[in-house]
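Here is the structure we will look at, set down as structure tokens.
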Amino acid sequence: MMAGAIDIRISGLVVIVASFFVAMILSVMSLPSSAPSVVGYLRPEWVLLVLIYWIIALPHRVGLVVAWCIGLLTDILLGDLLGQHGIGFLIVAYIAQSLYQRLRMFSIWQQSLMIFVIVGLYQLINFWIESVVGQAEWSLWYLLPSVVSALVWPWVFLVLRYLRRIFNVT
Amino acid sequence: MLGLSILSLALMATDHFSDFLDEFRASLTVIVTPVIVVADIPRRTVVGLQGTIATRDHMQSRILSLEQELLLLRAKTEKMAALTSENDRLRDLLGSAAKLQDNVLVAELIGVDPDPERHEVTIDKGSVDGAFVGQPVLDAEGLMGQVVEVSKYISRVLLISDLSHSVPVQVARSNLRLVAQGTGMTGQLELMHVQATADIEIGDLLVSSGLGDRFPVGYPVGVVNRIEHDPGRPFADVTATTSALLDRSRHVLLVFTEDRMDRNARNANDGRSD
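The listed protein sequences derive, respectively, from chains Z and U. For the first sequence, the working numbering assigns the number 33 to the initial residue and increments by one for each residue that follows. For the second sequence, the working numbering assigns the number 1089 to the initial residue and increments by one for each residue that follows.
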């Protein structure tokens, strides 16, 4: 009985880690060099979406500390200031955690709307930090990832829920 | 929540104002290296498939054109050898230091920064291969950029077209010294502080001047493509296109200049004696 419970916990951990791994791959995968540079702005915040899903689904397993660690790894992956995505992910995780009961009740499109707001806030935090460091110039392009993320959310949600049910992640 | 926020802020400040965290960063990069390598698989597969699927005719014509190119380059190298010896002799006569021999290491691009605002690429050589921060990076056509972050197996390269990058250049024809700054647009450079009367023309080749001790002398950087004189402003508005194919080159060269390696060795020794 005990051993079975531990097995399930470990398989759940594998699913969660694998989903973050895939999300990170998607967020750095290079576009074909023939694509115009505008396409670069159309990339949804994959890692953030996966994080929000797990916080809504399993708030007792994926919390602020996990969010912060994933954020640090994202910093390294994207070559940004260490802690920049850390704090962004932390704030997003905090919001998602305090809203998770309400978010679970929402229909999937209402959730998308919330995702738009949350990712928009995250972009804004990123932009603030980058402008303090002196790298950024404001343009409306900064808001595009939040729109795309909101549009992609239903599919991320459905795929991850399917995986969670198949592998019985609790 | 509060603790982690403060920790993030502290990390950001430390990372921005000092290089204290570089070691930590390099070790964390080893963790994310698999992500970067896996993310490169689709491209690798496509390139591999193109190789296997290509028709015999296509391959033959490609071999032919490569052979022709090889012949052309050989002929150039022959001339080069003669010129090098002549150059050495002249330098001997002048009593100046001999031209430094540059060693190169071929690296492959394995990732591109997903942020279109930032011109950074990841290459598959790291500290185990001898890459170091500040190392110049070339492609077959010219100067590409410099290494800005080194971890064990991979490094990040800042391209010369990045908004935050500048490279000291000189006009090959008139030896006029200038600074070429990145514009944030792929393959575009902007020349800073060009006097309205400066001897510069459209089509002039810009080569690295070696000032600033970062880039070696004489590598092509770009070609001037636009000069505009605005009487209301003190300097002319001059832009250039980069010689290096910044968004197309897959193979790049890491340059090891001898004096720099000496200096690195000396720094390492200094570090030990402290």
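We put the CB at the ideal spot given by N, CA and C, even for glycine.
Collapsing the DSSP output to three states places D1227 of chain U in coil. One finds V1123 in chain U with Cβ atoms closer than 7 Å to the Cβ of F53 of chain Z, taken in chain order.
The DSSP assignment places complete beta strand (DSSP E) segments of no fewer than 3 residues inside the segment 1275-1328 of chain U at 1276-1283, 1293-1296, 1308-1316, in order along the chain. According to the DSSP assignment, G1139 of chain U belongs to no beta strand (DSSP E) but to the alpha helix (DSSP H) extending over 1129-1141. At least one CB atom of chain Z sits nearer than 7 Å to the CB of V1200 of chain U. The alpha-carbon of V1134 of chain U is positioned some 30 Å away from that of L1116 of chain U.
The shortest CA-to-CA distance from I1315 of chain U to any of U:A1324, U:V1309, U:N1175 is the one to U:A1324.
Counting along the chain, the unbroken beta strand (DSSP E) around V1257 of chain U starts and ends at 1254-1259.
Between P1319 of chain U and G72 of chain Z, the CB-CB gap reaches or exceeds 7 Å.
Rounded to the nearest whole angstrom, the C-alpha separation of W173 of chain Z and L153 of chain Z is 14 Å. Between F138 of chain Z and A182 of chain Z, the gap from beta carbon to beta carbon reaches 7 Å or more.
E169 of chain Z sits exposed, since fewer than 16 C-beta atoms from the chains shown fall within 10 Å of its C-beta. Inter-residue distance for E1229 of chain U and S1243 of chain U is about 21 Å (C-alpha atoms, whole angstroms). Comparing C-alpha distances from L131 of chain Z to each of Z:I150, Z:G118, Z:E162 shows the shortest one belongs to Z:I150.
Secondary structure at G72 of chain Z: helix, using DSSP grouped into helix, strand and coil. Of all C-beta pairs linking the segment 115-122 of chain Z to the segment 87-94 of chain Z, fewer than three are shorter than 8 Å, placing the two stretches out of contact.
Here N1191 of chain U is near F1344 of chain U, since their CB atoms are less than 7 Å apart. Two segments are said to touch when three or more pairs of C-beta atoms, one from each, lie closer than 8 Å; by this definition the segment 174-194 of chain Z does not touch the segment 90-102 of chain Z. Per DSSP, A1268 of chain U is one residue of the beta strand (DSSP E) stretching across 1265-1270. C-alpha of V1312 of chain U to C-alpha of I1198 of chain U: approximately 30 Å in a straight line. When rounded, the separation of the alpha-carbon atoms in F1220 of chain U and K1240 of chain U is 11 Å. Between the alpha carbons of T1121 of chain U and V1245 of chain U lies a distance of about 15 Å.
For L83 of chain Z, the enclosing alpha helix (DSSP H) covers residues 78-89. Three or more Cβ pairs closer than 8 Å define a contact, and the segment 1295-1310 of chain U meets that threshold against the segment 1251-1260 of chain U. For L1342 of chain U, the enclosing beta strand (DSSP E) stretches over residues 1339-1345.
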